[in-house]
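Positions 348 to 562 (the numbering used here) are the ones given, in order, by the sequence shown. Input: a single structure, listed below in structure tokens.
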Amino acid sequence: MQELENRKREGLGIQKALYIIDMNNGFVNFGPMANKAYNALVKEQLRMIEKIRRENGQVNFVLEGHTEDSLEFKSYPKHCILGTKEAELIPELLPEQNKINTNTYYKNCINGMLTGEVEKDIKTLTFLKEVIFEGVCADLCVMDFARAYARYLDEINKDVKLFVVKNAVDTYNSPTHNRREWLDIAYKVMAQAGIQVVDDYEELEEKERILGLRR
């Protein structure tokens, strides 16, 4: 049994991976960057986590975890500083963080792929066939991460089907940032990068069936 658990932790046999991006308290619940509307995504994210667990996949949380002197604070208010409550995963997802086949990555910029740690872990997923992206903000952190992930797979010649699920991602609305417009842009950019954009869980499962990704 211990040997089996160790193999799971090493990623052997894992065919599916889910990346949930920036569901920090500081983006969802409180702080200068928080948008309580993002709570509407949690139900679908938990549903996807349950699916991935059931199919012996890997769950990954990519979170903002800034240093005090982060250069990002030249463009945005101070937020999600490592060691603060803002930097923590939201309470609804927190119980998932320490389960087997789960990773958490902290980033000091918009693009979580630039930490280098995700790249290292992708190499351990020998049998990876499918990756799903969810989280916020769709046109910033999700889009940058997903596109960089896709290009890294090209770099290492790894053929993986990539998906982003619309009802589990969102972005913000402001006088200078039209939510609907930027969601549409994000979906187009990700589709151009080879990432399949699906409406919901059900459409994802249908695509998986067609592509032979269902177990």
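For every residue, glycine included, the Cβ atom is placed at its ideal position computed from N, Cα and C.
Is the CB-CB distance between V483 and K508 below 9 Å? no
**Item:** alpha helix (DSSP H) segments (min. 4 residues) lying fully within the region 455-527
**Value:** 464-471 and 490-502
Q | Extent of the continuous alpha helix (DSSP H) to which N372 belongs | A | N372 to V375
| query | Can you give the Cα-Cα distance for R494 and F408, rounded to whole angstroms? | reply | 17 Å
Q | Other residues of its chain near Y423: CB distance less than 7 Å, five sequence neighbours each side excluded | A | M380
- Thinking V372 and I437 are a contact (beta carbons under 8 Å), I'd like their distance in whole angstroms, please. One detail in the question is off: residue 372 reads as Asn in this sequence, not Val. Their Cβ separation, rounded to whole angstroms, is 6 Å, which keeps N372 and I437 in contact under 8 Å.
Exercise. Where in the region 414-459 do unbroken runs of the beta strand (DSSP E), each at least 3 residues long, occur, reported from the N-terminal end onward?
Worked result: 449-454
- Across which residues does DSSP place K363 in a beta bridge pair? E477
_Own chain residues within Cβ distance below 6 Å of F377, not counting five before or after_ = none
As a quick exercise: from D486, T518, K535 and G459, pick the residue whose alpha carbon is nearest that of Y499. G459
| E391 vs Y548 beta-carbon contact at 9 Å | yes
Next item on the list: Indicate the three-state DSSP secondary structure (helix, strand or coil) for L393 in the structure shown.
Entry: helix
(message) Can you check which of these residues, E433, N455, L393 and K446, is closest to E419 by C-alpha distance?
(response) N455
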